[in-house]
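Visitor: Here's a structure for you.
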Amino acid sequence: MARSPNPLAGLARNVNAWLEERIDLSGIRELIRHKVVPVHRHTIWYYFGGMTLFLFVIQVLTGILLLLYYRPSAEEAFESVQFIVTEVEFGWLIRSIHSWSANLLVATMMIHLFSVYFTQAYRKPRELTWVSGMCLFGIFLFFGFSGYLLPWNELAYFATKVGTDVAGQIPVVGHLMARILRGGDDVTGATLSRFYGIHVAILPAITTALLGFHLFLVQKQGMSVPPEVERSGAPLRTMPFLPDFLLRDLVGWLSALAVLGALAAYFPWELGVKADPFAPAPAGIRPEWYFMYMFQTLKYIPAKIGPIDGELLGVLGFGLGGLFLFLVPFLDRKTARGEKSPLFTWIGVAIAAYIVVLSVLGYMAPGGK
Amino acid sequence: MALRSRRGTSPLPTAHHGTDLLGRCIVFAWALVVGALLFAGGRAEAQKLPEGNSCIDCHRGIGDPRVTPPAEKFPQDIHLAKGILCQDCHGGDPRNFDPKGSMNPAKGFIGKPKHQAIPQLCGKCHSNAAYMKKFNPTIRVDQVQEYLTSVHGRKLREGDQKVATCISCHDVHNIRAIKDQQAWTYPVKVVETCGRCHGDAKYMEGYKIATDVVDKYKKSVHYEALTKKGDLSAPTCNVCHGNHGATPPGVDSVANVCGTCHSLTADFFNQSPHKKAFAAMGLAPCVTCHSNHDVTKPSDTLVGTDQQAVCVNCHDPASAGYQKAAAIRTSLDELRGAVQRAAGILDRAEHAGMEVSQAKFELRGATDALLKTRATVHRFDPVAIRNLSDEGVQVANKMYDKGVKAMDDLRFRHRGLWISVGIILVAIAGLVLKIREIDRRRG
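Those sequence lines, one after another, are chains E and S. Counted the way the numbering used here counts, the first sequence spans residues 1 to 369. Counted the way the numbering used here counts, the second sequence spans residues 370 to 812.
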């Protein structure tokens, strides 16, 4: 074989040959070579899974950097974050990107979830992909909840107090769950240590396993084609994953990076004031945008509905809604049989509309803006 | 649940249902407290008058507006709540419904007491420590004694029928505890109580004292603190003049009166050369510069050599005092300017999203120094004031530098962002060109 004049290409070939001698890479090579992405009018939704993954990688990288300076105790947590954003070179950027990226991640994950729902990609044989995705959704919300306390500021403190109170409303296990989360009866330094452990060790470990499983299924089963595209009978166009789809993915990721940079530079994530367990709750307190619909719903529910506590009913309602979404591949039998399933589409529309409308109402309510 | 807040958007936490629950508990507790107060207040408002009391029955039933007010007003009176009735002050026999019997001087009936007799009448109980202890073991019993030392008391003994006695300030037949918000003696009502006489030029005719004191006081920083800020410890008439022993503070004692609250300032003044000078000139400390009833919030312009400064009222430009006043003012202006400059840049940095809370906290060192310098002005020692001012200026300048650094950082961030965005856009453009090339190649 004639030697390439490009020394880098030569080095790559040598490394490849060295690896090939020891590990059989033909399977992976074949997978990449033959992996294709369907092209149709809903292809754009495929990018949101990759975008979520990209933001997760950002979270991991910025999170590791934050770990170098963060100190997880009620006495030092706030001061250490203050040190990061004021004294550490580019600490402000890392912290702001970590916070903004977490929010964008939840947004892209929601878009990904609903796009999969409306294109009915959860149907057989992808039930496990959907279930693992729903688990990841819950875990990422918990990532947000646990990470929010770590700066140990006033808002984080009261947010955790309220959030763990809501968890305590769950029948039978609620009280125990709240105690386990708090490490006692109230939110204290013990809660902070606990949330820190959950945020940087337990959740990442579970996420790695679940994400690996989710991505394995996506690679194994390929991208789902929406039923309406399948039913149209038209020949299905595809594009190679490498490089066509990946290059397009990269365009999206770079755009997301630019947006994150702009948000960090123009709207740095505020630190607030250090938590004081003896201080009253601050005025105008409201949840993060992705919990706003729950917050607003609970405000509307009366204190008592018959003999049942209104708050408990609200928590049960959200639990049932989550369970419905979790089990939708097994409930939607028509889609599984390849038939149209307008009922589930309308239920999805109702859920999405509910989330949007209640969130808007939450922001329009006095003190919500 | 993660919560965020925008401060100042709502006076109350708009709560999640968890805090709504807390809110409901608070509302319930509040309702209980209010209910209890109303209940208790209701008892005070509507004390039931005793049955079978000829004084009350006649005064209430007679229908003559000249005699009914005592019976009408008495249900709100604290004495009724404590079981003290008409005969305890006026004598007579309330069990006897024959006017001749019930209002029999032989039964101790004194009728309407004479103006001059009122202090002694009230003092019959209120000066009796053993008796008063039954109602409140810590209550004062020296009011009458003190009253007799007051201008009111002295004039009363001289036969003046217009001066205030107990009932002039405490009302009659509607006497309330001093903590009762409707009492004439409640702090925010005192100025109206005193003003009923001291604000009435016609009534005060002949006494040769100013009657604009009430209007002046209402323009003061003290009245503002009392009524607008709700600070019940802010001084009203009785705090400076005394209540039962009410008397105008003299030149010698006015500094002691102000110094009761403004103790540090009073100490500084006592160390200053002005103490002797004021005494020699017969000038009252404090009020000569700050005025008395209409004392406004002092500003740095009070000191110095310009038109608004009070120093120039005594010190002519050739005097050493004039030079000292100028030097003191310069020190104050420098420190105030440095604090304002630092606070301004830190506020701008904070509004731009920069984390400057530590610098803002440290700036308190300079604002504290400004407060201390303002108080130290009363020593009229330019060197001591300069030293304090310099310390504060040093802190303020350090914080200003931190503000400048924060603003520089902000500009660096914005520049860095646009450079990064430029690089990213170039990379995106390259990727788009590559995608098009691939698409073209594939047809």
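Even for Gly, the Cβ is constructed at its ideal location relative to N, Cα and C. Computed from a prediction, not measured in an experiment: that's the story for all the values here.
Among S/Glu-561, S/Ser-589, S/Thr-674 and S/Asn-639, which one has its Cα closest to the Cα of S/Cys-538?
Guide: Counted from its first residue, the second sequence places residue 538 of chain S at position 169. Ranking S/Glu-561, S/Ser-589, S/Thr-674 and S/Asn-639 by Cα distance to S/Cys-538 puts S/Glu-561 first.
Visitor: Using DSSP with H/G/I as helix, E/B as strand and the rest coil, what is E/Arg-286?
Guide: Your numbering for residue 286 of chain E matches position 286 in the first sequence. E/Arg-286 falls in the strand class under three-state DSSP.
Visitor: Any C-beta of chain S sitting closer than 8 angstroms to the C-beta of E/Val-116?
Guide: Here residue 116 of chain E corresponds to residue number 116 of the first sequence, with the count starting at 1. E/Val-116 does not count as touching chain S.
Visitor: Skipping 5 residues on each side, what residues in its chain have a beta carbon closer than 8 angstroms to that of S/Met-723?
Guide: Stepping through the second sequence from its first residue, residue 723 of chain S is reached at position 354. Ala-775, Met-776, Asp-778 and Leu-779.
Visitor: Three or more beta-carbon pairs under 8 angstroms between the segment 262–280 of chain E and the segment 792–805 of chain S, yes or no?
Guide: no
Visitor: Between the alpha carbons of S/Arg-717 and E/Trp-92, how many angstroms are there, rounded?
Guide: Residue 717 of chain S sits at position 348 when you count from the first residue of the second sequence. Residue 92 of chain E sits at position 92 when you count from the first residue of the first sequence. Roughly 18 angstroms between the two C-alpha positions.
Visitor: Note down the Cα distance separating E/Ser-359 from E/Gln-59, rounded to an integer number of angstroms.
Guide: As a first step, residue 359 of chain E is located in the first sequence; it is residue number 359 there, counting from the start. As a first step, residue 59 of chain E is located in the first sequence; it is residue number 59 there, counting from the start. E/Ser-359 and E/Gln-59: Cα-Cα distance of roughly 25 angstroms.
Visitor: Bridge partners for E/Asn-153 per DSSP, in chain order?
Guide: The count along the first sequence starts at 1 and reaches residue 153 of chain E at position 153. Under DSSP, E/Asn-153 forms a beta bridge with E/Lys-274.
Visitor: Return helix, strand or coil for E/Lys-304, following the three-state DSSP convention.
Guide: Within the first sequence, numbered from 1, the residue matching residue 304 of chain E stands at position 304. Of the three classes helix, strand and coil, the one that applies to E/Lys-304 here is strand, per DSSP.
Visitor: Locate the beta strand (DSSP E) running through E/Arg-237, then write down its first and last residues.
Guide: Translated into positions along the first sequence, residue 237 of chain E becomes position 237. Residues 237–240.
Visitor: Report yes or no: is there a C-beta of chain E within less than 8 angstroms of the C-beta of S/His-783?
Guide: Position 414 of the second sequence, counted from the start, is the residue given in the question as residue 783 of chain S. Closer than 8 angstroms: yes.
Visitor: Are the C-beta of E/Pro-151 and some C-beta of chain S separated by less than 8 angstroms?
Guide: By 1-based counting over the first sequence, the position of residue 151 of chain E is 151. False, the Cβ-Cβ gap to chain S never drops below 8 angstroms.
Visitor: For E/Asp-244, go through chain S and note every residue whose CB falls closer than 9 angstroms to its CB, in chain order.
Guide: Here residue 244 of chain E corresponds to residue number 244 of the first sequence, with the count starting at 1. Residues of chain S passing the Cβ test: Ile-804, Ile-807, Asp-808 and Arg-811.
Visitor: In this structure, how does DSSP classify E/Pro-38 when only helix, strand and coil are distinguished?
Guide: To locate residue 38 of chain E, count along the first sequence from 1; it is residue 38. Three-state result, E/Pro-38: strand.
Visitor: Distance cutoff 8 angstroms, beta carbons only. Does S/Gln-512 sit that close to anything in chain E?
Guide: Within the second sequence, numbered from 1, the residue matching residue 512 of chain S stands at position 143. Taking Cβ atoms only, chain E never reaches closer than 8 angstroms to S/Gln-512, which makes this a no.
Visitor: Rounded to a whole number of angstroms, what is the C-alpha to C-alpha distance between S/Pro-654 and S/Thr-745?
Guide: Within the second sequence, numbered from 1, the residue matching residue 654 of chain S stands at position 285. Within the second sequence, numbered from 1, the residue matching residue 745 of chain S stands at position 376. One C-alpha to the other measures close to 15 angstroms.
Visitor: Note down, in chain order, every chain E residue with its Cβ under 7 angstroms from the Cβ of S/Val-773.
Guide: Residue mapping note: residue 773 of chain S aligns to position 404 of the second sequence, counting from 1. Within chain E, no residue comes near S/Val-773; the closest Cβ sits about 14 angstroms away, beyond 7 angstroms.
Visitor: Can you name the residues that DSSP bridges to S/Asp-529?
Guide: As a first step, residue 529 of chain S is located in the second sequence; it is residue number 160 there, counting from the start. Its beta-bridge partners do not exist; DSSP assigns none.
Visitor: To the nearest angstrom, how far is it from the Cα of E/Tyr-354 to the Cα of E/Asp-165?
Guide: For the purposes of this step, residue 354 of chain E is taken as the residue at position 354 of the first sequence. For the purposes of this step, residue 165 of chain E is taken as the residue at position 165 of the first sequence. Straight-line Cα distance between these residues: approximately 24 angstroms.
Visitor: Taking 7 angstroms as the limit between beta carbons, can you name the residues of its chain near E/Arg-170, skipping five residues before and five after?
Guide: Mapped onto the first sequence, residue 170 of chain E falls at position 170. Position check: residue 170 of chain E holds Ile in this sequence, whereas Arg was assumed. Excluding residues within five positions, the ones whose Cβ falls inside 7 angstroms are Met-177 and Val-315.
Visitor: Mind listing the chain S neighbours of E/Val-349? Cutoff is C-beta to C-beta under 7 angstroms, in chain order.
Guide: Position 349 of the first sequence, counted from the start, is the residue given in the question as residue 349 of chain E. Result: empty, since nearest Cβ-Cβ is about 26 angstroms, beyond 7 angstroms.
Visitor: Closer than 8 angstroms, CB to CB, is E/Ser-255 near chain S or not?
Guide: Within the first sequence, residue 255 of chain E is the residue found at index 255, counting from 1. So yes, E/Ser-255 belongs to the interface.
Visitor: So E/Gly-261 contacts chain S; which residues on that side make the cut at Cβ distance below 7 angstroms?
Guide: Within the first sequence, the letter at position 261 stands for residue 261 of chain E. Those within 7 angstroms of E/Gly-261 in chain S are Leu-786, Ser-789 and Val-790.
Visitor: Here's a check: name, in chain order, each residue in its chain whose Cβ is nearer than 8 angstroms to the Cβ of S/Val-708, leaving out the five neighbours to either side.
Guide: Mapped onto the second sequence, residue 708 of chain S falls at position 339. Counting only Cβ-Cβ distances below 8 angstroms, and skipping sequence neighbours, we find Leu-732, Ala-735, Thr-736, Leu-739, Gly-761 and Ala-765.
Visitor: Just to check my reading of the structure: E/Pro-268 and E/Ser-96 have Cβ atoms closer than 8 angstroms, yes? What is that Cβ distance to the nearest angstrom?
Guide: If you number the first sequence from 1, residue 268 of chain E lands on position 268. If you number the first sequence from 1, residue 96 of chain E lands on position 96. That pair is a contact at about 5 angstroms.
Visitor: Please work out which residues of its chain come closer than 6 angstroms, Cβ to Cβ, to S/Gly-477, disregarding the five sequence neighbours upstream and downstream, and give them in chain order.
Guide: Taking the first residue of the second sequence as position 1, residue 477 of chain S is located at position 108. Excluding positions up to five away in sequence, the list reads Gly-460.
Visitor: Measure from the C-beta of S/Leu-723 to each C-beta in chain E and report whether the shortest distance is under 8 angstroms.
Guide: Within the second sequence, numbered from 1, the residue matching residue 723 of chain S stands at position 354. Note that residue 723 of chain S corresponds to Met in the displayed sequence, not to Leu. By this cut-off, S/Met-723 is an interface position.
Visitor: Quick one: what does DSSP say E/Asp-186 is sitting in, helix, strand or coil?
Guide: Against the first sequence, residue 186 of chain E aligns to sequence position 186. Coil.
Visitor: In whole angstroms, give me the CA-to-CA distance for E/Val-357 and S/His-631.
Guide: Mapped onto the first sequence, residue 357 of chain E falls at position 357. Mapped onto the second sequence, residue 631 of chain S falls at position 262. If I take the Cα positions, the gap works out to 58 angstroms.
Visitor: Closer than 9 angstroms by beta-carbon distance: list the chain E residues that pair up with S/Gln-456, in chain order.
Guide: Indexing the second sequence from 1 puts residue 456 of chain S at position 87. In chain order: nothing, as chain E lies at least about 52 angstroms away.
Visitor: Curious, which full-length alpha helix (DSSP H) runs of at least 4 residues does the segment 612–676 of chain S contain?
Guide: 623–628, 632–640, 642–650 and 656–659
Visitor: Give the residues of chain S in contact with E/Pro-171, contact being defined as C-beta atoms less than 9 angstroms apart.
Guide: Counting from 1 along the first sequence, the entry for residue 171 of chain E is found at position 171. Near E/Pro-171 there are no residues of chain S at all, since even the closest Cβ is about 16 angstroms away, more than 9 angstroms.
Visitor: Give the DSSP-derived three-state secondary structure of E/Asp-309 in the structure shown.
Guide: Indexing the first sequence from 1 puts residue 309 of chain E at position 309. The answer is strand: DSSP assigns E/Asp-309 an E or B state.
Visitor: If you pair each beta-carbon of the segment 28–47 of chain E with each one of the segment 153–160 of chain E, do three or more pairs fall below 8 angstroms?
Guide: no
Visitor: Which residues in the same chain as E/Leu-65 place their Cβ atom closer than 7 angstroms to its Cβ, once the five residues preceding and following it in sequence are excluded?
Guide: Against the first sequence, residue 65 of chain E aligns to sequence position 65. Here the set comprises Ile-94.
Visitor: Counting only beta-carbon atoms, is E/Phe-267 nearer than 8 angstroms to chain S?
Guide: Counted from its first residue, the first sequence places residue 267 of chain E at position 267. Chain S contact via Cβ: present.
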